[in-house]
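The next block holds one structure in the form of structure tokens; read it before the comments.
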Amino acid sequence: MEGKIMIEYKYDVQYLIDGHDLDEDAIDAYIKGHFEGDSLIAVGDDTLIKIHFHTNKPWEILEYCASLGEIFDIVVEDMDRQARGLKG
């Protein structure tokens, strides 16, 4: 397959969580312990957390984080399409 780049995790997921008493360390630990993926970044304060994660099942992490507060500015990009020079 010419031009095929193998990507372990297809989707780059980024969004914000708006809530109360959010704990970035607890969210980071929960995601790492319960979801398959890599490149996790969970940073912020007790009312706003930015999430960045590579996964094959973006709906699972979105569902978890929606249980913590309101999620918004959601971006899900297909890194496999991008690697092939297509709009992700």
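With this note's numbering applied, the sequence shown corresponds to residues 487 to 574, in that order. Ideal placement from N, C-alpha and C gives every residue a C-beta, glycine not left out.
- Residues E510, I513, D514, I517, I535, I537 of the same chain have their beta carbon placed closer than 7 Å to that of A528, with the five preceding and five following residues left out of the count.
- Within the same chain, Cβ atoms closer than 8 Å to the Cβ of L508 are found at G530, D531, D532, T533, L534, I535, L554, G555, the five residues on either side in sequence being excluded.
- Between the alpha carbons of H540 and V499 lies a distance of about 6 Å.
- Beta-bridge partners assigned by DSSP to A528: I537.
- According to the DSSP assignment, I560 belongs to the beta strand (DSSP E) that extends over 556–564.
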